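Chemist: One structure, pasted below without further comment.
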Amino acid sequence: MAKGYQANRERLEQIGLLGKALAKRAGFACEWCEGKDDLRPWDYQPDDEPSEETLALLCGRCRELAGGRRGDAHELRGIRNALWSQVPAVAEGAARVLATSREPWVREAIEESLIDETVKAEILGI
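Start counting the sequence shown at 7; every next residue gets the next number (my numbering).
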């Protein structure tokens, strides 16, 4: 158990070191909804080494959505623009959240995004 604890601490330290770069990249705003409250790094690929490509700066509300909370149509429209981010953690993470919705515009928005075609197919279940 001590090894797991130590590995987690080291991972959190690595993420912390990237915090300033993430904040600058994001313009000190949530990379999904552009909110300014409770901003923290969100780890899109926790099994991989932390990097700027696998982390997104998200507000508390968007981290809840990323954690599985169902958003209403208004909240989901607020993160739609994130689909066009060049950063995989931002675009793919937002697409995975949006894909849980049954809103008619979601599928088309994901299909039109800049996300890698293989990832799109996985997200949309094609």
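From the three backbone atoms N, C-alpha and C, an ideal C-beta is built for every residue, glycine too. This one's a predicted model, so the numbers in the text were calculated from it and none came from an experiment.
#1: Closest by CA to Ser107, which one among Lys126, Leu120, Ala79?
#2: Hey, is Ala29 close to the ligand NAD, as in C-beta under 7 Å from one of its heavy atoms?
#3: With a threshold of 6 Å on Cβ separation, who are the neighbours of Cys68 within its own chain once the five nearest residues in sequence on each side are excluded?
#4: Once the 5 residues before and after Ala105 are set aside, which same chain residues still bring their CB inside 7 Å of it?
#5: What is the DSSP secondary structure of Pro47, reduced to helix, strand or coil?
#6: What are the start and end residues of each continuous alpha helix (DSSP H) run of 4 or more residues lying completely inside the region 34-95, in chain order?
#7: Please state whether DSSP places Ala27 in a helix, a strand or coil.
#8: Terminal residues of the continuous alpha helix (DSSP H) containing Ile129?
#9: For a quick check, are the C-beta atoms of Ala97 and Ser119 less than 8 Å apart?
#10: If we define contact as Cβ-Cβ less than 8 Å, is Tyr11 a contact residue for chain C?
#11: Tell me where the alpha helix (DSSP H) around Arg113 begins and ends.
Modeler: Let me lay it out:
#1: Counting from one through the sequence shown, the residue named residue 107 turns up at place 101. Looking at the Cα atoms, Ala79 is the closest of the given residues.
#2: Judged by which ligands are present, the structure shown has none, so any question about the ligand NAD falls away.
#3: Within the sequence shown, the letter at position 62 stands for residue 68. Cys36, Trp38, Cys39.
#4: Locating residue 105 in the sequence shown gives position 99, where the first residue counts as 1. Correct list, in chain order: Val112, Ile116, Ile129, Leu130.
#5: Counting from one through the sequence shown, the residue named residue 47 turns up at place 41. The answer is strand: DSSP assigns Pro47 an E or B state.
#6: Within the region 34-95, the complete alpha helix (DSSP H) runs of at least 4 residues are 66-72, 79-84.
#7: By one-based count along the sequence shown, residue 27 stands at place 21. Helix.
#8: Translated into the one-based positions of the sequence shown, residue 129 becomes position 123. Where Ile129 is concerned, the enclosing alpha helix (DSSP H) starts and stops at 123-130.
#9: Against the sequence shown, residue 97 aligns to sequence position 91. Against the sequence shown, residue 119 aligns to sequence position 113. A contact, by the Cβ cut-off of 8 Å.
#10: Going by chain labels, chain C is absent from the structure shown, which holds only one protein chain.
#11: Residue 113 sits at position 107 when you count from the first residue of the sequence shown. From DSSP, the alpha helix (DSSP H) with Arg113 extends over 110-118.
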